[in-house]
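Visitor: Numbering (our numbering), first residue to last: 83 to 420. Note that the Cβ used here is the ideal one computed from N, Cα and C, for glycine as well. Predicted model only: the values in this text are computed from it and were never measured.
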Ligand code: WQD
């Protein structure tokens, strides 16, 4: 059973490759290494003892995508991570995001639609909800007007898949709406490798803990939350990776209720920025330098998942809490900076 993982050298992709191999799947990775490194293959091999097949392909090149699927007719499922994902950059370079995130999705779906049966897992995001009206957020919460082209590509991606599945009974798809992924594999052989100044909170915290950054700027403490700082649902990357394998198996074993399904993938618990800082200080034993500054444009107050559907229908539940995930993030940061 050969599974294609696009973006498989990336943060969530590499952790998912490990879990796929643990479940006995043969994995082939496509990655253009625009935001990842081939060294990640070594980390995966160290963990599982198996080196996944790998091809460096730019999925924006349609003929290369067609050629790949001709050469690998035995690919039965695709987990599609490959996409640009920097919210701020997407505002500055919208066409780069629409070409890379939408164009490549269309090319892959066109190939899968030609197969007798195909299973497709899409990397979506809670960002599609914008600031949801009610917490926790269920899959029935309305999709709001996207705050960024990045968020729009996730919304459009879901619609493109839904429309395609409607007229392609042989194509079975699941969109997983991630909340905030964090942490590193317990082996600390793979983890998050942000390029440049981290945009996301957790890598900025661990880099500050290592002295690479002078201090963390907390973007606002005047939100209507318990301590005034914004709330998110921080999910351990290995829990998230396992959700992909469970979702894929659901499709391969034809256990899905519909040929397009959506699941929130979060812990169900909201944590404020200050609580994340406290978690870091607890697991590291170090005081974190931070200062409160103005809110970041486009940020929402609060987002955490209602995980009922994932728990009961998908049969998946997160197992790690914030401190355990933070411990792995800190150990990883210390290792890569040595
Ligand atoms: C978390 C909280 C910030 C940095 C984004 C994308 C989402 C997904 C995850 C890709 C917020 C605060 C952050 C800092 C801070 N990406 N913060 N100081 O914005 O919830 O989600 O990343 O799929 O689609 O939108 O994550 O980690 O950037 O921020 O105070 O230096 O930490 O204001 O409240 P976010 P984040």
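#1: Helix or strand or just coil, what does DSSP make of residue 264?
#2: Suppose you measure from the CA of residue 93 to the CA of residue 302; what does that come to, to the nearest Å?
#3: Taking Cβ positions, are residue 141 and residue 164 nearer each other than 7 Å?
#4: Figure out for me which residue from 384, 270, 373 and 337 has the closest Cα to the Cα of residue 419.
#5: For residue 98 and residue 326, which I take to be in contact (beta-carbon distance under 8 Å), what is that distance rounded to the nearest angstrom?
#6: How many Å lie between residue 112 and residue 309 at the Cα?
#7: Could you tell me the alpha carbon to alpha carbon distance between residue 412 and residue 149, rounded to whole angstroms?
#8: DSSP beta-bridge partners for residue 254?
#9: Identify every residue that forms a DSSP beta bridge with residue 88.
#10: When the Cα of residue 366 is compared with those of 395, 287 and 392, which residue comes out closest?
#11: State the CB to CB distance for the pair residue 322 and residue 347, rounded to an integer number of angstroms; the pair is presumed to be in contact (CB under 8 Å).
#12: Where residue 372 and residue 192 are concerned, what is the direct C-alpha to C-alpha distance, given to the nearest angstrom?
#13: What is the DSSP secondary structure of residue 421, reduced to helix, strand or coil?
#14: Taking only runs that begin and end inside the region 359-393, name each unbroken beta strand (DSSP E) of 3 or more residues, in chain order.
#15: What's the C-alpha gap between residue 332 and residue 396?
#16: To test your reading of the DSSP string, which unbroken alpha helix (DSSP H) runs of 4 or more residues are found completely within the region 123-184?
#17: Please indicate yes or no: does the CB of residue 160 lie closer than 6 Å to some heavy atom of the ligand WQD?
#18: Whose CA, out of 230, 194, 257 and 137, lies closest to the CA of residue 382?
#19: Any idea which residues DSSP pairs residue 345 with across the strands?
#20: Rounding to the nearest angstrom, what Cα-Cα distance links residue 124 and residue 137 in this structure?
#21: Note down, in chain order, each residue of its chain lying with its Cβ closer than 7 Å to the Cβ of residue 253, except the 5 sequence neighbours on either side.
#22: Give me the residue from 291, 127, 161 and 153 with the minimum Cα distance to residue 409.
#23: Which residue from 95, 359 and 227 puts its Cα closest to that of residue 320?
#24: Return yes when at least one heavy atom of the ligand WQD lies under 6 Å from the C-beta of residue 396, else no.
#25: Out of 115, 384, 145 and 160, point me to the one whose CA is closest to residue 315's CA.
#26: Should residue 115 go down as buried or exposed, given a rule of 16 or more other Cβ atoms within 10 Å for buried?
#27: Where does residue 421 fall in DSSP's three states?
#28: How many Å lie between residue 180 and residue 235 at the Cα?
#29: Cα-Cα, which of 344, 108, 145 and 317 is closest to residue 241?
Guide: From the atom records:
#1: To locate residue 264, count along the chain shown from 1; it is residue 182. Of the three classes helix, strand and coil, the one that applies to residue 264 here is strand, per DSSP.
#2: For the purposes of this step, residue 93 is taken as residue 11 along the chain shown, with counting starting at 1. For the purposes of this step, residue 302 is taken as residue 220 along the chain shown, with counting starting at 1. Each residue's Cα considered, the two are about 27 Å apart.
#3: Within the chain shown, the letter at position 59 stands for residue 141. Within the chain shown, the letter at position 82 stands for residue 164. It is a contact, given that the beta carbons lie within the stated cut-off.
#4: Along the chain shown, one-based indexing puts residue 419 at 337. Nearest in C-alpha terms to residue 419, of all of 384, 270, 373 and 337, is 270.
#5: Residue numbering aside, residue 98 sits at position 16 when the chain shown is read from its first letter. Residue numbering aside, residue 326 sits at position 244 when the chain shown is read from its first letter. Confirmed, Cβ separation roughly 5 Å.
#6: To locate residue 112, count along the chain shown from 1; it is residue 30. To locate residue 309, count along the chain shown from 1; it is residue 227. Each residue's alpha carbon lies about 43 Å from the other.
#7: Position 330 of the chain shown, counted from the first residue, corresponds to residue 412. Position 67 of the chain shown, counted from the first residue, corresponds to residue 149. Cα to Cα, the separation comes out at about 41 Å.
#8: As a working mapping, residue 254 is identified with position 172 in the chain shown. For residue 254, which the question treats as bridged, DSSP gives the partners 201.
#9: Taking the chain shown and counting its residues from 1, the one referred to as residue 88 is at position 6. Note: residue 88 sits in a beta bridge opposite 112 and 162.
#10: Here residue 366 is taken as the residue at index 284 of the chain shown, counted from 1. Among 395, 287 and 392, the Cα nearest to that of residue 366 belongs to 287.
#11: For the purposes of this step, residue 322 is identified with residue 240 of the chain shown, where counting begins at 1. For the purposes of this step, residue 347 is identified with residue 265 of the chain shown, where counting begins at 1. The Cβ separation is near 6 Å, so the contact holds.
#12: Walking along the chain shown from the start, residue 372 turns up at place 290. Walking along the chain shown from the start, residue 192 turns up at place 110. Between residue 372 and residue 192, the C-alpha separation is close to 48 Å.
#13: Because the chain here runs from 83 to 420, residue 421 falls outside it and cannot be looked at.
#14: 372-375
#15: Reading the chain shown from its first residue, position 250 is the one you call residue 332. Reading the chain shown from its first residue, position 314 is the one you call residue 396. Distance between the alpha carbons of residue 332 and residue 396 is about 8 Å.
#16: 144-153, 169-174 and 176-179
#17: Sequence index remark: in the chain shown, residue 160 carries index 78 (1-based). No heavy atom of the ligand WQD is found nearer than 6 Å to the CB of residue 160.
#18: Locating residue 382 in the chain shown gives position 300, where the first residue counts as 1. It is 230.
#19: Here the question's residue 345 lines up with position 263 in the chain shown. Residue 345 pairs with 258.
#20: For this step, residue 124 is matched to residue 42 along the chain shown. For this step, residue 137 is matched to residue 55 along the chain shown. Roughly 15 Å between the two C-alpha positions.
#21: Numbered from 1 along the chain shown, position 171 holds the residue referred to as residue 253. Within the same chain, residue 253 has close Cβ partners 194, 195, 200, 202, 246, 247 and 341.
#22: Taking the chain shown and counting its residues from 1, the one referred to as residue 409 is at position 327. Comparing alpha-carbon positions, the option among 291, 127, 161 and 153 lying closest to residue 409 turns out to be 291.
#23: Locating residue 320 in the chain shown gives position 238, counting from the first residue. Nearest C-alpha to residue 320: 95.
#24: Numbered from 1 along the chain shown, position 314 holds the residue referred to as residue 396. When distances are taken from the beta-carbon of residue 396 to the heavy atoms of the ligand WQD, even the shortest one reaches 6 Å or more.
#25: Counting from 1 along the chain shown, the entry for residue 315 is found at position 233. Here the closest residue by C-alpha is 384.
#26: Locating residue 115 in the chain shown gives position 33, where the first residue counts as 1. Residue 115 comes out exposed.
#27: For residue 421 there is no data in the structure shown, the boundaries of the chain being 83 and 420.
#28: Working through the chain shown from its first residue, we reach residue 180 at position 98. Working through the chain shown from its first residue, we reach residue 235 at position 153. Roughly 7 Å separates the two Cα atoms.
#29: Counted from its first residue, the chain shown places residue 241 at position 159. Among 344, 108, 145 and 317, the Cα nearest to that of residue 241 is on 344.
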